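Okay, so here's the structure we're looking at.
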Amino acid sequence: MPLTLAKIGEENIIKKIGGKQEVKTHLENLGFVVGGVVTVVNAMGGNVIVSVKDSRIAVSREMAQKIMV
Numbered sequence: 004m005p006l007t008l009a010k011i012g013e014e015n016i017i018k019k020i021g022g023k024q025e026v027k028t029h030l031e032n033l034g035f036v037v038g039g040v041v042t043v044v045n046a047m048g049g050n051v052i053v054s055v056k057d058s059r060i061a062v063s064r065e066m067a068q069k070i071m072v
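Numbered by our numbering, the letters in the sequence shown go through residues 4 to 72 in order.
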């Protein structure tokens with residue numbers, strides 16, 4: 004399922020990252036790697052705030068749709 008459907012506060016394992024290569028590279032640089040743990044902290048206005056590798060990052064709804072957990 005895409006990250007946008009994950010429950011707030013629940014730990015999820017990243018299974019796949021979709022999109023063009025430049026999008027994948029950008030997300031990997033932010034810490035979104037396959038096998039990594041990601042937790043949704045909050046979702047507001049379509050954007051998602053996540054905790055990944057001890058950092059909080061806000062990603063747009065479009066980007067979060069490309070991250071499968």
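Ideal Cβ placement from N, Cα and C applies to all residues, glycine included. Just so you know, these numbers come straight off a predicted model, no measurement behind them.
Closest Cα partner of A61 within the set N50, E31, M4, K18: Ranked by how close their Cα comes to the Cα of A61, the residues N50, E31, M4, K18 have N50 in first place.
Where does the unbroken alpha helix (DSSP H) through E31 begin, and where does it stop? Residue range 24-33 is occupied by the alpha helix (DSSP H) that includes E31.
The alpha helix (DSSP H) with E14 in it runs from where to where? Not the alpha helix (DSSP H): E14 falls in the beta strand (DSSP E), residues 14-16.
Nearest to S54 (by Cα), restricted to the options G22, Q24, L33, V26: It is L33 whose Cα lies nearest to the Cα of S54.
Quick check: what's the CA-CA separation for L6 versus K69? It is roughly 8 angstroms from the alpha-carbon of L6 to the alpha-carbon of K69.
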